[in-house]
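Read through the structure below, which is laid out as structure tokens, and then see the notes.
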Ligand SMILES: Cc1cc2nc3c(=O)[nH]c(=O)nc-3n(C[C@H](O)[C@H](O)[C@H](O)COP(=O)(O)OP(=O)(O)OC[C@H]3O[C@@H](n4cnc5c(N)ncnc54)[C@H](O)[C@@H]3O)c2cc1C
């Protein structure tokens, strides 16, 4: 284009033209979105997947990206590539901002452009985000673990802390705050993260530095609840705590985080006593909040939301009064279903089958029933816990199971091959293949957020956070999680 020529104006709002076939819109490219779309590959429908990232993210392995074991590409292949051979599916980048149930329209935005996509059937699988329990300003000092951006920022912060400690120690300064790592939240993600940081400090990095001994690093796992890994029940929780402590992780339970700043955080105990921990690197692995699209759906249908923002759905995963709209995965509240990948996968497949069945004139399926294939969490190399039905496994058997299952679910053959190679490097050897991080990954996101939204994210509404109420809720939630697992009550119809 010659100098002085003007760019052709792009229309701000585009309405996606529809074909004569039944139109299915799928929101999200996570577990629910991807498996729902794939399930429709042979159906006589056009599927439009709208997602705010161009990749399908395998969240369970985010902590391995953050701690330098895997690359981001291995756990986040391009959705477009994954669906390249599915001719009835198209992928559109965009953040869905509005679902109009009456007119069957989904509105999404990308870079200021609005797209309106009509649907005949809709599968909403927009997942959940991090919850800071009303303290959103903690986020800039303690990033969560929900996205590739989060994992890369944490990678930079973790490895960067060792670098800064080396510099400080060479100048004779106290670097304890740089060599202290706090993980908030003793659920599976927190346990896995704490275990990996401890392995980094006590095993991987021991020969790399001159002025510091990385073995001196403290890794602290903090939770307001009285046990580690509540969703795995009391026994596996105790086993995990013991193994973490052997690994050098300090486990602080009953400790509610009440303040977070650049240099550390403050925890408060039930008796009112407080303890400050000086730690530059903090990871927030506590609390989830369902996607805000759930609130929109609740307002339009009257379906209630629970405290985590999850919407109540009918037993067939549809919304009251809107049988053409299915909600699946982390966004729903139904029969104590846990927020795990299999709930999203099975729910999305169920919804897709129902859509196809209706078009073929088949009778409705029986209500959705979750088949619990088990849960597992890794503590360190060769140590994991697994729960399959009534079976409880620990140690190397659980670890091998973890390896096989995760390998099976990683998307794409080449990602499986390279993941195995990287696991070999880290678990059999001592290395980490993916330690690279850039300054932009560490600092740019916070700067961009401030530019885009001013300082609104950095302050929370005063009074939103009632410490004693929050503690009581977290304790009750942990007790309930442990009870449901111990009594095998997940996915069992409540009150029926
Ligand atoms: C760190 C971590 C570790 C985990 N470990 C395990 C584990 O070991 N085992 C297990 O079973 N589960 C695990 N989970 C939980 C599991 O990942 C979730 O239960 C599962 O991803 C839920 O699937 P979903 O489809 O509901 O949501 P997601 O997989 O989160 O997908 C949501 C999708 O919606 C998109 N999206 C969100 N908002 C919008 C919008 N407004 N517009 C367009 N697109 C949007 C997102 O970009 C994403 O593509 C873990 C989760 C995390 C965060």
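In full-length UniProt numbering, the protein residues as written are 1 to 496. In this text, a Cβ means the ideal position worked out from N, Cα and C, and glycines have one as well.
Starting from residue 46, trace the beta strand (DSSP E) in both directions and tell me its first and last residue.
45-51
Buried or exposed (CB count within 10 angstroms, at least 16 for buried), residue 291
buried
DSSP three-state assignment for residue 269, whether helix, strand or coil:
coil
The segment 115-122 touching the segment 239-249, judged by at least three CB pairs closer than 8 Å
no
Runs of alpha helix (DSSP H) wholly within the segment 139-189 (minimum 4 residues, chain order):
148-170
So, for residue 483: in the same chain, excluding its five sequence neighbours on each side, which residues have a beta-carbon less than 6 Å away from its beta-carbon?
none
Tell me the rounded alpha-carbon separation between residue 305 and residue 440.
37 Å
For residue 297, the three-state DSSP class (helix, strand or coil)
helix
Are there any heavy atoms of ligand 1 lying less than 7 Å away from the beta-carbon of residue 27, as far as the coordinates show?
yes
Where does the unbroken alpha helix (DSSP H) through residue 243 begin, and where does it stop?
233-246
Here's the rule I'm using: 16 or more other beta-carbon atoms within 10 Å means buried, otherwise exposed. How should residue 135 be labelled?
buried
Looking at C-alpha atoms only, which residue of 189, 343, 248 and 184 is the closest neighbour of residue 215?
248
Helix, strand or coil, according to DSSP, for residue 206 in the structure here?
coil
So what's residue 369 in DSSP terms, helix, strand or just coil?
coil
Under the assumption that residue 188 contacts residue 377 (Cβ atoms under 8 Å), give the Cβ distance between them as a whole number of angstroms.
4 Å
Completely contained beta strand (DSSP E) runs for the segment 74-131, where each covers 3 or more residues
89-93, 95-100, 105-110, 113-118, 121-124 and 128-130
My output table needs one value for residue 312: the three-state DSSP class, helix, strand or coil.
strand
Any heavy atom of ligand 1 closer than 7 Å to the CB of residue 175?
no
Using the rule of at least 16 other Cβ atoms within 10 Å of the residue's Cβ for burial, across every protein chain shown, is residue 231 buried or exposed?
buried
Once DSSP output is grouped into helix, strand and coil, what is the label at residue 223?
strand
Does the distance between the C-beta of residue 95 and the nearest non-hydrogen atom of ligand 1 fall short of 7 Å?
yes
Check residue 4 in the structure and name its three-state DSSP category.
With a pLDDT of only 45 at residue 4, under 50, the local geometry of the prediction cannot be trusted, and no value is derived from it.
Can you grab the Cα-Cα spacing for the pair residue 93 / residue 111, in whole Å?
10 Å
Please state whether DSSP places residue 410 in a helix, a strand or coil.
coil
For residue 39, count the other beta carbons within 10 Å of its own beta carbon; 16 or more makes it buried, fewer makes it exposed. Which is it?
buried
Bounding residues of the beta strand (DSSP E) (the contiguous stretch that carries residue 375):
375-380
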